[in-house]
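Engineer:
2 protein chains.
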Amino acid sequence: MTSSLPFHETLDLSLCGSMGRVFRLCRDAVTLAVEPLGLTQSRWTAMIHIHHLKQGVTQQELASSLGIEMPSLTRTVKQLEQQAIIVRRVDIDDKRSRKIYFTEQGLLLLDALRDIMAEVKTQLYAELTTQQLDTMAHGLVQMEANARRCISYFSGDK
Amino acid sequence: MTSSLPFHETLDLSLCGSMGRVFRLCRDAVTLAVEPLGLTQSRWTAMIHIHHLKQGVTQQELASSLGIEMPSLTRTVKQLEQQAIIVRRVDIDDKRSRKIYFTEQGLLLLDALRDIMAEVKTQLYAELTTQQLDTMAHGLVQMEANARRCISYFSGDK
DNA sequence: CCTATTTAGTTAGCATGCTAACTAGTTTAA
DNA sequence: TTAAACTAGTTAGCATGCTAACTAAATAGG
Numbered sequence: 138m139t140s141s142l143p144f145h146e147t148l149d150l151s152l153c154g155s156m157g158r159v160f161r162l163c164r165d166a167v168t169l170a171v172e173p174l175g176l177t178q179s180r181w182t183a184m185i186h187i188h189h190l191k192q193g194v195t196q197q198e199l200a201s202s203l204g205i206e207m208p209s210l211t212r213t214v215k216q217l218e219q220q221a222i223i224v225r226r227v228d229i230d231d232k233r234s235r236k237i238y239f240t241e242q243g244l245l246l247l248d249a250l251r252d253i254m255a256e257v258k259t260q261l262y263a264e265l266t267t268q269q270l271d272t273m274a275h276g277l278v279q280m281e282a283n284a285r286r287c288i289s290y291f292s293g294d295k
Numbered sequence: 138m139t140s141s142l143p144f145h146e147t148l149d150l151s152l153c154g155s156m157g158r159v160f161r162l163c164r165d166a167v168t169l170a171v172e173p174l175g176l177t178q179s180r181w182t183a184m185i186h187i188h189h190l191k192q193g194v195t196q197q198e199l200a201s202s203l204g205i206e207m208p209s210l211t212r213t214v215k216q217l218e219q220q221a222i223i224v225r226r227v228d229i230d231d232k233r234s235r236k237i238y239f240t241e242q243g244l245l246l247l248d249a250l251r252d253i254m255a256e257v258k259t260q261l262y263a264e265l266t267t268q269q270l271d272t273m274a275h276g277l278v279q280m281e282a283n284a285r286r287c288i289s290y291f292s293g294d295k
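Residue numbers (the working numbering), protein chains in the order written: chain A, 138 to 295; chain B, 138 to 295.
1. So, at 7 Å on beta carbons, what are the nonlocal neighbours of I253 of chain B in its own chain, with the 5 sequence-adjacent residues on each side left out?
2. For I185 of chain B, report the span of its alpha helix (DSSP H) as first-last.
3. From the DSSP output, read off the bridge partner residues of Y238 of chain A.
4. Taking all protein chains shown into account, decide if R164 of chain A is buried (16 or more other Cβ within 10 angstroms of its Cβ) or exposed.
5. Verify the CB distance criterion: does D252 of chain B have a CB-CB separation below 8 Å to chain A?
6. Secondary structure at V171 of chain B, three-state DSSP: helix, strand or coil?
7. Taking C-alpha atoms, which residue in B:D228, B:S209, B:L162, B:V159 lies nearest to A183 of chain B?
8. Would you tell me roughly how many angstroms separate the C-alpha atoms of L174 of chain A and L250 of chain A, rounded to the nearest one?
9. What do you get for D294 of chain B, buried or exposed, if any count of 16 or more other CB atoms within 10 angstroms of its CB means buried?
10. According to DSSP, simplified to helix, strand and coil, what is T195 of chain A?
11. Are any of the Cβ atoms in chain A nearer than 8 Å to that of L277 of chain B?
12. Within the 8 Å Cβ cut-off, does E198 of chain B reach chain A?
13. If you reduce the DSSP assignment to three classes, tell me which class F160 of chain B lands in.
14. At a CB-CB cut-off below 8 Å, which residues of chain B make contact with R285 of chain A?
15. What does I288 of chain B touch in chain A if you count any residue whose Cβ is under 8 Å from its own?
16. Check this for me: beta carbons of M273 of chain A and M273 of chain B, under 8 Å apart or not?
17. DSSP state of T272 of chain B, grouped into three classes?
18. For a contact defined as C-beta to C-beta under 8 Å, what are the partners of G154 of chain B on chain A?
19. CB-CB under 6 Å to V227 of chain B, same chain, minus the five flanking residues each way: which ones, in chain order?
20. Which value, in whole angstroms, describes the spacing of the CA atoms of E256 of chain A and L270 of chain A?
21. By how many angstroms is the C-alpha of T240 of chain B removed from the C-alpha of I222 of chain A?
22. Check the Cβ-Cβ distances between F291 of chain A and every residue of chain B, and say whether any is below 8 Å.
23. Let me make sure I understand the geometry here. Which of B:E264, B:D231, B:A166, B:L277 has the alpha-carbon closest to that of Q197 of chain B?
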């Protein structure tokens with residue numbers, strides 16, 4: 138989108154590529170803003186999701202919410218635990234799973250994080266109407282479904 | 138977006154995260170489809186951009202078009218050269234830059250790639266109107282500008 | 001003309017996504 | 001009840017993005 142092609146050309150070229158670029162930029166903006174807290178992208182993202190899912194969430198549930206695979210998450214939760222932001226406790230009812238809880242220190246960090254994010258979000262969504270944002274969200278949902286269908290089509294092909 | 142939260146909630150949580158996920162899925166769909174050609178995501182993306190920019194493009198121009206940094210591109214062009222898909226020639230007028238050209242074999246591969254991509258794109262954009270796609274493209278442009286402003290704001294802060 | 005700055009490209013090494021292959025509990029079914 | 005299949009989580013190693021620090025060529029200022 139840095140290019141000056143008309144929109145339909147850009148679309149034809151790669152709406153997908155634009156998404157990737159904008160995604161990286163937005164992510165970097167937030168990461169830069171929360172840098173003073175000592176958090177990286179994967180860590181602050183995970184913290185926000187744990188907060189939304191409520192404490193005691195399993196890694197499986199968290200990975201699903203984040204839309205990433207388990208091994209990607211393993212690394213992140215390990216780091217969060219090392220930083221004493223979360224603790225993991227083995228689930229008594231199913232000793233395979235480990236439930237995630239914020240530490241006291243983690244909760245303080247979460248508050249600071251949420252404050253900064255609210256500020257950044259306002260800036261990222263500036264000059265976009267609720268309707269535009271809604272259209273984008275709907276479009277993303279549709280494209281996600283299309284991509285999943287497409288992937289299983291080409292996977293099953295073999 | 139895999140979650141069942143209402144849209145405004147999802148937005149609040151992370152439109153950005155959705156973009157990242159959808160981007161990865163779309164990218165994976167194309168990559169899977171072109172796998173028979175022996176191309177990875179970064180390589181087929183670069184090929185499409187070289188094609189659009191015309192041959193003889195410099196790495197600098199290509200990186201800018203792709204929206205990535207030079208070191209990220211260096212790896213990819215090196216691979217494309219090793220696969221004999223492109224050749225790089227030092228620019229006579231500026232011996233620092235290296236101009237990129239498709240080999241004959243590369244041009245054949247490009248044609249095959251473009252055929253497959255046209256098919257996949259149709260599937261990815263299914264059930265989305267031109268207007269929706271246009272709104273998304275506009276939204277992405279606005280968000281890209283917002284993010285860049287935000288990044289320079291927080292960078293300059295220090 | 002020579003030094004200082006800028007620019008194109010590379011190398012090294014980190015961050016975060018992935019798949020494949022593993023361990024260790026849980027569930028299913030013979 | 002015990003073997004088979006599934007599930008939660010981990011480890012190892014790849015792909016692709018990045019920044020920092022480098023080389024070599026071009027340009028600008030004195």
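Think of the CB as a built atom: it goes at the ideal place given N, C-alpha and C, for glycine as much as any other residue.
Structural biologist: From the atom records:
1. A170, V171
2. 178 to 190
3. A:V224
4. buried
5. Chain A contact via Cβ: absent.
6. coil
7. B:S209
8. Roughly 8 Å separates the two Cα atoms.
9. Per-residue confidence for D294 of chain B stands at a pLDDT of 49, beneath the threshold of 50, marking its modelled position as unreliable; no derived number is given.
10. strand
11. Taking 8 Å as the CB threshold, L277 of chain B lines the interface with chain A.
12. no
13. It is helical.
14. Those within 8 Å of R285 of chain A in chain B are L162.
15. L162, D165, A166, L169
16. yes
17. helix
18. T182, L203, G204
19. Hits under 6 Å: R235.
20. 17 Å
21. Rounded to the nearest angstrom, the two C-alpha atoms are 53 Å apart.
22. Yes, F291 of chain A counts as interfacial toward chain B.
23. B:D231
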